[in-house]
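Going by our numbering, the first residue of the sequence shown is number 72, and it counts up by one from there.
Quick reminder that beta carbons are idealized off the backbone N, C-alpha and C, glycines included.
What you are looking at is a predicted structure, and each value in this text was computed from that prediction instead of being measured.
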Amino acid sequence: MQISFRVEPRDEWRCDALVFFGYEKEQPGGGLQSWMEGPGEWLEDSVALADFKGKAKEITVAGGPSGSLVKRVVLVGLGERGKLELQGFREAVAAAFKRCRDLELGSVGLPVHAFDDIDWTLSLLLEELLVSAVLGLYSYDELKTRDTDQSKQPGELLLFTQEPPAGALEEALAAGRSVGQGVILARDLTNAPSNRATPTFLADTARRMGEEHGFSVTVYEPDQVESMGMGAFAAVFRGSCEPARLIVIDSAPAGHEQDQPIVLVGKGVTFDSGGLSLKPSAKMDEMKTDMAGAAAVLGFFQALGGLDRRCRVVGILPCTDNMPDCRATKPGDVVTTMSGQTVEIVNTDAEGRLLLCDALHFARSFDPALIVDIATLTGACVVALGKHVAAVMGNDQELVSQLQEIGDAVGERIWPMPLWDFFFDELKSEVADMKNVGRREGGALHAAMFLKQFVDDGLPWAHLDIAGPSRADASTPLCPVGATGFGVRTLTEMVRRKVCGDKGSASQE
Ligand code: BES
Ligand code: ZN
Ligand code: ZN
């Protein structure tokens with residue numbers, strides 16, 4: 072969908088559908104009344120307008136007379152004025168664009184004044200509208216040869232205004248477009264089957280993105296990873312015929328190469344069979360999404376590339392299948408991690424922490440300002456918080472609270488879990504410095520405690536367990552069944568607020 076401003080007097084607006092918003096029990100506002108006094112006079116007597124109740128996500132379409140430059144008006148319900156939350160606005164927008172797609176409309180118009188009656192700032196609403204429209208229309212069609220929805224999507228979104236848009240609105244357009252593209256990239260990569268989204272494919276994606284946006288991308292092959300001493304990562308990839316990759320992306324703009332970066336580490340298990348601790352076959356296919364953490368980091372870089380303010384962020388993505396083979400790690404094997412600490416691998420299905428522990432240690436070489444890792448790490452986290460909520464744990468209360476608050480602002484629910492030292496008792500091993508699993512109960516906490524052993528005290532670090540929300544089992548207004556792209560928005564907003572000197576998207580307001 073092409074998105075652009077059109078600076079035109081309103082009687083020259085031309086589109087297949089013009090969108091306005093309305094609250095329940097109120098006349099639709101946001102410039103609709105004045106538009107009806109001019110070119111939209113025809114709407115005044117329309118039955119559709121009379122039928123429109125303004126309920127949340129209600130969409131009413133009113134057809135215009137033949138010859139009208141505006142072919143239809145789409146009225147979008149926001150529910151009761153006092154009860155509207157940003158998530159409700161996002162869902163209403165998504166519903167409106169889906170209706171436009173179902174009607175196979177070519178161009179959708181939106182008067183910038185349509186936002187006048189909604190509480191948040193114009194920039195925030197525009198950015199959220201653009202992201203929500205794109206996410207609501209999303210479907211993974213890359214591998215379908217028929218019955219696709221993509222071809223029916225509106226070709227253009229025209230943002231009508233009578234005065235040239237302020238700089239802040241231009242920025243909001245760029246930000247909304249970039250963030251939307253970032254989430255979509257993460258969804259596409261995560262929905263792609265494991266025979267397509269291999270570690271090599273992810274590395275190629277990172278390289279292409281690096282070329283497009285001027286990021287430097289380094290890709291390490293399995294023998295290089297082994298010679299760097301990453302014994303835990305190697306213990307996972309040795310059982311797989313599909314070659315592993317360690318991908319490192321550095322966004323440092325010229326002059327900022329020596330800045331202390333934010334480091335983002337993403338779990339990139341392109342298929343998790345469990346290894347020799349084989350998973351049951353029911354739903355094993357869903358384990359193609361076990362690289363959603365790495366995909367979220369790639370999606371973040373895609374978004375960052377389109378944003379105005381550049382700052383140094385380093386992404387570290389250990390990517391591999393977890394497979395059973397004659398060279399696979401056997402339960403009980405002991406490996407030496409890059410940090411020098413030894414780990415008894417009691418269960419080869421707890422592989423995510425094995426890649427991440429080496430990646431977290433490797434992160435030290437970048438002298439980070441802070442580290443956030445993101446991973447589909449434990450089924451226990453899904454048991455604890457359900458399908459829609461990610462857990463955050465870490466060694467820095469401020470960072471943990473910020474991530475929770477940012478998630479809330481961008482529509483990604485994140486909830487803190489504790490990380491008390493005594494959790495390490497679960498990981499004590501008879502033969503090594505630690506084992507890779509504890510008891511079943513509290514499994515998400517033990518996984519986080521395991522990771523903590525690989526981060527220096529005093530270096531702010533947070534771990535996001537996205538095993539639940541990375542994949543939707545049922546469709547929602549903003550996402551069909553499958554990958555959600557969870558994390559892209561939180562990571563992007565965190566970087567915008569923290570380093571880039573940006574006050575962040577208006578989501579804070
Ligand atoms: N990839 C899984 C975690 C997972 C489960 C992600 C469900 C998404 C949905 C992870 O590698 C795993 O298998 N974890 C085990 C750990 C256990 C062996 C300690 C688990 O959660 O069962
Ligand atoms: Zn596993
Ligand atoms: Zn896994």
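Would residue i and residue j be called neighbours here (beta carbons separated by less than 8 Å)?
i    : j    : result
G101 : D190 : no
K338 : T447 : yes
R77  : F304 : no
Q507 : A451 : The sequence given here has Asn at residue 507, not Gln. Not closer than 8 Å, so no.
G558 : E469 : no
T561 : D504 : no
G257 : L375 : Sequence check: residue 257 is Ala here, not Gly. No, the Cβ-Cβ distance between A257 and L375 is not below 8 Å.
F372 : S322 : yes
R170 : V132 : yes
P351 : V460 : no
A163 : K128 : yes
W113 : G138 : no
G556 : V254 : yes
L193 : L240 : yes
L426 : T400 : no
G159 : K124 : no
V407 : A538 : Strictly speaking, residue 407 in this sequence is Thr, with Val absent from that position. Not a contact, by the Cβ cut-off of 8 Å.
D444 : L535 : yes
D259 : E213 : yes
V250 : V202 : yes
H517 : L490 : no
D361 : P389 : no
V405 : V502 : yes
On the premise that residue j lies in contact with residue i, defined as a C-beta separation below 8 Å, what is that separation, rounded to the nearest angstrom?
i    : j    : result
A204 : A246 : Actually they are not in contact, since the Cβ atoms of A204 and A246 sit about 14 Å apart, beyond 8 Å.
G465 : A533 : 3 Å
M394 : S265 : Actually they are not in contact, since the Cβ atoms of M394 and S265 sit about 10 Å apart, beyond 8 Å.
Q252 : G364 : Not confirmed; about 19 Å, so no contact.
A237 : E198 : 14 Å between Cβ atoms; not a contact.
A366 : A455 : Incorrect: roughly 23 Å between the Cβ atoms, too far for contact.
I74  : L228 : 5 Å
M299 : M409 : 6 Å
T261 : A554 : 3 Å
V141 : G111 : 7 Å
P293 : F308 : 6 Å
R383 : H327 : 5 Å
Excluding the 5 residues flanking residue i on each side, which residues of the same chain have their C-beta closer than 7 Å to its C-beta?
i    : result
A434 : V334, V336, I387 and I442
S348 : P402, N418, T419 and D420
G226 : M72, Q73, G177 and S178
E297 : A305
S500 : E415 and K506
Please list, in chain order, all residues of the same chain as residue i whose beta carbon is under 6 Å from its beta carbon, the five residues on each side excluded.
i    : result
F168 : A204, G207 and L208
C550 : A543
P235 : V78
M565 : I477
S287 : D321
K569 : none
D343 : M358, D361 and N393
D438 : Q331
Under 8 Å between C-beta atoms, does residue i make it to chain B?
i    : result
G177 : Reference to chain B is not applicable here, since this structure consists of a single protein chain.
Excluding sequence positions up to five away, which residues of its chain have a Cβ less than 8 Å from the Cβ of residue i?
i    : result
V290 : A274, A277, R278, R316, L317, I318 and V319
P487 : A462, V463, M464, V471, S472 and Q475
L181 : L89, V90, L200, L228, L229, L230 and F231
Q56  : Limits of the chain in this structure are 72 at one end and 580 at the other, which puts residue 56 out of reach.
Query - Given 8 Å, three or more beta-carbon pairs between the region 79-93 and the region 168-177 - result: yes
Report task. Tell me, please, whether the region 280-295 touches the region 344-357 by the rule of three or more beta-carbon pairs shorter than 8 Å. Result -> no
**Report entry** Touching by the beta-carbon criterion (3+ pairs, under 8 Å), the region 515-530 and the region 319-332
**Finding:** no
Query - Any 3 or more C-beta pairs closer than 8 Å across the region 95-109 and the region 142-161 - result: yes
Query - Within 5 Å of ligand 1: residues by beta-carbon to any heavy atom - result: D343, D361, N418, D420, A421, G423, T447, T449, G450, V508 and A538
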